[in-house]
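Quick note on our numbering: the sequence shown kicks off at 786 and runs consecutively. Built from N, CA and C at the ideal position, the CB exists for glycine as well. Predicted, not measured: the structure shown is a model, and the values here were computed from it. Worksheet: the structure to be examined is printed underneath.
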Amino acid sequence: MPLRSFTTADLTGLSSALDFGDRILQHRAAAEVDDRFHDKPAKAAVLLSDDGRLTPLGVAVVYPAERRPGNSLPPWAMQFVLKKGEHRRLCELVSAVLPSEGCEVWVRPEDEGIVEEIQRCWPAAYNCRRLHLMTIDLPVAIEPLPSRPLDPNDPADLAAVVRVNNAAFGDHPDQSGMTQDSVLVKLAGPGHTAEGVRLAEIDGRINGFCWTQIHHRRGLGEISVIGLHPDVHGRGLGAAMTAAGLAWLHRQGLHQAILYVESANLTATRSYARLGFTVTHDDVSWMIPGSADD
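Here it is in structure tokens:
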């Protein structure tokens, strides 16, 4: 089966692969898609038909995943999409870009054919995480916490975001271990702006923030992170902090927003449900070993 691989050394080819992945997903509702193939891609592979027409059938993208020190997951994550009926070609597609350290691969749990192929091709693979994608229509009726935008040129603002984040997400596999440099790197990513990071002063200091993102091609907002310092937990501030981000997204002309939350985090899931979010679908990740584990 013909494959074409692209890296950051070939930005034109890489961009074409990413755009193709997004086009495959166009039949889905915007809230189910987001810009999944545009998160710091390092390598991509496009699967082509072998009937002489070289019709694109699927794409897989690998990108670096920020992990907290000591986390057992590999430093790579993967998103892929295959045209309907092509799941038997998953092994070849994923193997084309699978790092030697292995990779966390995200799939839909209802895609039983895909899950079966993962287990067939990589018997040592295991299911490690499950996320809810939750969706809400804007505006919301919840009164937001007063907030202001992050000033990326103010070291005190950067330090406050880092302090709150790392206190709130000390054990999270992705969100912990934030630094001022990583804040600036994330701000430079697609759809992120300093204005979209809403800071809230609680008890005389910045103790909360809501980091938003805009998926411009989808006309869709996202709540990327809700951070509240443990010192202010238990006051019911999560909904109001979330509402601050949603209010900002609505002021940008958006009418729908999404967020991802660990399915095991029942407290957060129930809080978002009370705010008006509903679960659209789940994504699950499988840890696939690379050649270093063979």
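Distance between residue j and residue i (C-alpha atoms, nearest Å)
i            : j            : result
residue 1070 : residue 911  : 9 Å
residue 980  : residue 1061 : 24 Å
residue 1078 : residue 925  : Because residue 1078 carries a pLDDT of 45, less than 50, the predicted location of this residue cannot be relied on, and no value is offered for it.
residue 1051 : residue 834  : 44 Å
residue 1048 : residue 917  : 6 Å
residue 914  : residue 903  : 15 Å
residue 791  : residue 829  : 5 Å
residue 1059 : residue 1023 : 11 Å
residue 1009 : residue 899  : 27 Å
residue 1045 : residue 954  : 15 Å
residue 986  : residue 867  : 46 Å
residue 787  : residue 1073 : 23 Å
residue 811  : residue 1057 : 27 Å
residue 975  : residue 845  : 19 Å
Residue(s) in a DSSP beta bridge with residue i
i            : result
residue 922  : 1041
residue 849  : 861
residue 790  : 830
residue 1072 : 889 and 911
residue 841  : 833
residue 1047 : 916
residue 1063 : 920
residue 867  : 843
Min CB distance residue i to chain D below 7 Å
i           : result
residue 997 : Here chain D cannot be found, since the structure has a single protein chain.
Beta-carbon proximity list for residue i, same chain, < 7 Å, skipping 5 on both sides
i            : result
residue 1025 : 927, 928, 929 and 930
Residues near residue i by beta carbon distance below 6 Å, same chain, minus five either side
i            : result
residue 945  : 991
residue 1094 : Here the chain comprises residues numbered 786 to 1079, so residue 1094 is not present and cannot be evaluated.
residue 996  : 982, 1009 and 1010
residue 909  : 1074
Other residues of its chain near residue i: CB distance less than 8 Å, five sequence neighbours each side excluded
i            : result
residue 1082 : As shown, the chain starts at 786 and ends at 1079. That puts residue 1082 outside it, with no answer to give.
residue 949  : 991, 992, 993, 994, 1012, 1013 and 1014
residue 951  : 961, 962 and 963
residue 937  : 943, 968, 969, 972 and 979
residue 850  : 858, 859, 860, 861, 862, 889 and 959
With contact counted as at least three CB pairs below 8 Å, one residue from each stretch, are the segment 884-897 and the segment 856-876 in contact?
yes
Inside the segment 976-1032 only - beta strand (DSSP E) runs reaching at least 3 residues:
982-987, 990-1000 and 1005-1013
3-residue-minimum beta strand (DSSP E) runs that sit fully inside the segment 904-951, ordered along the chain
911-922
Does the segment 1028-1042 come close enough to the segment 865-874 to have 3 or more Cβ pairs within less than 8 Å?
no
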